[in-house]
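Beneath this line is the structure, given in structure tokens, with notes to follow.
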Amino acid sequence: MFSAVHRLGLYATIATGCASWLPAPAPMRTVADPLPSGQARCLLVLMPGIGDSPEDFAEYGFIEAIRARGIAVDIVSTNATLGYYAKRTLQDRIEADVLAPARKAGYRQIWFAGISLGGLGSLLVAQRYGTELAGIVLIAPYLGDDDVHGEVAKAGGLARWQPPAKLDEDDYQRDIWRWLKGATAKPETAPPIYLLSGDQDKFAPAHRLLGATLPPERRLRTRGKHDWAPWQRLWADFLDHSDFRARCGDLRDR
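Position 82 of the sequence shown, counted from 1, bears residue number 82 in the working numbering, the numbering being contiguous throughout.
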């Protein structure tokens, strides 16, 4: 796992669009964990943070937490590395390598859950394919630089913030906040958003701005910083207390 300093440097790199040298192979590598008893009606797509791999979701217990609770869901962990964001190919690769096969398989619900940069990636997918998604789970998401969400805070919050009338095509950060403004103002137009965050997370100011617009049942907090220990607790809380299990089904009910 990358150090905090290394991670911050990489966030700055993607924000300035200077990471085009990073690899973004096609197809994107994925790791599948299907139900042993046959295809589920739900697919959960996991998006890693900077420096993490799809195998980390198993290593840190995210997969086992689902299986131990008997939730009827197939799981695909993606290798959505920084290069896909830098080259602006993330949405295209997710479409080709994840969503298109999922449609062909006939899933009734597709969920995305992303950690840190993977949270931003989940939002980018929802921005383009939101009508196809049943929910997006943002775990300590990276939501852009301080100056961007600082604008939102200075305006008095997301509901009051007015995005620029015209955005530069590379200004994905303000574009994401503009999408979040619409999605939270008119929730019927977007998939449900769940926000999971540590109270000392380095991105906490942005999390508070987004959380203020979400229903209480879709906000979960715990003590901790930007690390796996609080993320594991938050994930367990989400599985135990959200409507995810009820919507996807319980193996014990089959």
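Glycine included, C-beta positions come from ideal geometry on N, C-alpha and C.
According to DSSP, residues forming a beta bridge with L167: Paired residues: none, contrary to the question.
Nearest-angstrom Cβ-Cβ length linking R93 and A26, presumed shorter than 8 Å: Contact flag correct, Cβ pair sits at about 6 Å.
Reduced DSSP secondary structure (H/G/I, E/B, other) of Y129: helix
Inter-stretch contact (C-beta, 8 Å, three-pair minimum) for the stretch 237 to 249 and the stretch 40 to 49: Touching, yes.
Residue span of the alpha helix (DSSP H) that contains F112, given as start and end: It is not in any alpha helix (DSSP H) - F112 instead sits in the beta strand (DSSP E) that spans Q109 to I115.
Environment of T131 [buried if 16+ CB atoms lie within 10 Å]: exposed
Chain-order list of residues whose beta-carbon lies under 6 Å from that of L167 (same chain, five-residue window excluded): The answer, listed in chain order, is R174 and D175.
Beta-carbon proximity of T213 to L143, cut-off 7 Å: With respect to L143, T213 sits apart: the two C-beta atoms are not nearer than 7 Å.
Within 7 Å, strictly: CB atoms of P191 and I136: yes
Among W21, D97, L220 and I110, nearest to A72 - alpha-carbon criterion: I110
Beta carbon of D97 nearer than 7 Å to that of M47: For the 7 Å CB-CB criterion, D97 and M47 do not form a contact.
W21 burial status per 10 Å Cβ neighbour count (16 or more: buried): exposed
Stretch-stretch touch, CB-based, cutoff 8 Å, three pairs: the stretch 192 to 199 with the stretch 221 to 229: yes
6 Å CB neighbourhood of T184 in its chain, flanking five on each side removed: T213
Extent of the continuous alpha helix (DSSP H) to which L90 belongs: L90 to I94
Proximal residues to D171 (C-beta, below 6 Å), its chain only, five neighbours per side dropped: none
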